[in-house]
Amino acid sequence: MAMAADGTLWLQPNNTDVLLQYRDDAVGTVRSPLAEGERGRLLADDQGQVWMSSSQRVMRLGEEGLAETLRVDEVGGQVNVIRHGQDGSRWFGHSMGVSSQHQADWTHLSREDGVPLGELRDLMLEPDGTVWIGTYGG
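Residue numbering for the sequence shown follows my numbering, beginning at 980 and increasing consecutively.
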């Protein structure tokens, strides 16, 4: 389940190929962008955009369905959290560390760079560029 900035509640029923959108006391459906057998989860980023993350890709959803797709090998791992920097960058916390995208450039940070061991569950970006990382392990 994820809440978009416009107040739309997105739901992902089990064992279906649709996503439900609940807004203004009405329920709509959008075909899931996942391939048959692909499992994913809904996320809302800090700007209220709704994404779906799977082991293969992360997809930004719009009112009509899929709006953007990034491959997991671009991002670095299955995405758990998405944040936006003041410089227009996007930060992805995932199963292998943290990745940031600024325009076409990617930066990947992992345990070797000081990212705590464990799957990321939250990121906070400070105005001075400091990145705070929360993992399931602490």
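Glycine included, C-beta positions come from ideal geometry on N, C-alpha and C. Values in this document were obtained by computation on a predicted structure and should not be read as measured data.
Taking 6 Å as the limit between beta carbons, can you name the residues of its chain near residue i, skipping five residues before and five after?
{"i": "W1111", "result": "M1103"}
{"i": "A983", "result": "G1027, V1029"}
{"i": "H1087", "result": "G1055, S1078"}
{"i": "H1081", "result": "S1068"}
{"i": "Q991", "result": "L998, L1021"}
Tell me, to the nearest whole angstrom, how far the beta carbon of residue i is from that of residue j; I am working on the premise that it is less than 8 Å.
{"i": "S1032", "j": "V1058", "result": "4 Å"}
{"i": "G1072", "j": "L1049", "result": "That belief does not hold up - the Cβ atoms of G1072 and L1049 are roughly 14 Å apart, past 8 Å."}
{"i": "G1044", "j": "V997", "result": "Going by Cβ atoms, the distance from G1044 to V997 rounds to 10 Å, so no, they are not a contact pair."}
{"i": "D1025", "j": "R1062", "result": "5 Å"}
{"i": "E1047", "j": "R1039", "result": "4 Å"}
Tell me residue i's beta-bridge partners as DSSP assigns them.
{"i": "D945", "result": "This structure does not reach residue 945, given that the chain is present from 980 up to 1117, and the question cannot be answered."}
{"i": "L1088", "result": "V1077"}
{"i": "Q1026", "result": "Paired residues: none, contrary to the question."}
{"i": "A981", "result": "W989"}
{"i": "T995", "result": "Paired residues: none, contrary to the question."}
{"i": "L1099", "result": "T1114"}
{"i": "R1020", "result": "S1032"}
{"i": "Q927", "result": "There is simply no residue 927 to check, as the chain begins at 980 and stops at 1117 in what is shown."}
Considering only residues of the same chain and omitting the five flanking positions on each side of residue i, which have a CB-CB separation below 7 Å?
{"i": "R1018", "result": "S1033"}
- May I have a chain-ordered list of the beta strand (DSSP E) segments no shorter than 3 residues that lie completely inside the region 1034-1070? Here the runs fully enclosed are 1036-1041, 1044-1050, 1058-1063.
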